[in-house]
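Read the structure below first, then the notes.
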Amino acid sequence: MVRRIADEGPETLNKCAADLMNRSVFTCQPESSTEELMEQMLAEQIRHLPVYDNGELVGIISIGDVVEGVLSELKWREKILQQQVVTAMGQSTDED
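Position one of the sequence shown corresponds to residue 0 (numbering that gives the first Met the number 0), numbered consecutively onward.
Below, the structure written as structure tokens:
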């Protein structure tokens, strides 16, 4: 709506939803990776994707969900790297 109002002006508010909505519905599957979701959302400039499994709607994922997933993965990777550094430092000798 905001984009249409910016492009077409306040008369946009007098239009029906059918005149404003995107007729191309982009979807994803439960096994879609966060990278795939980010790429699709950015390419299509969309913030929500219906999730279909075997032709049945099983949920809707938002850009916020994707960002949350990416942040969780980054925190997990950071923790693993910290553990590897601690382990490596514990195994080193004074001769290293």
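Where is the CB? At the ideal position from N, CA and C, for every residue including glycine.
The criterion of a C-beta distance shorter than 7 angstroms is satisfied by proline 49 and threonine 26. The criterion of a C-beta distance shorter than 7 angstroms is not satisfied by arginine 2 and leucine 19.
Contact check for valine 65 against leucine 41 fails: the beta carbons are separated by 7 angstroms or more. Between arginine 46 and isoleucine 59 a beta carbon distance of about 10 angstroms is seen, past the 8 angstroms cut, so the two are scored as non-contacting. In the structure shown, the three-state DSSP call for serine 61 is strand. When DSSP states are grouped into helix, strand and coil, glutamate 55 belongs to the strand group.
Put simply, of Leu73, Gly8, Ile79 and Pro29 the residue whose alpha carbon is nearest the alpha carbon of glutamate 55 is Pro29. Counted as a single uninterrupted DSSP element, the stretch harbouring isoleucine 45 is not any alpha helix (DSSP H), since DSSP gives it neither H nor E.
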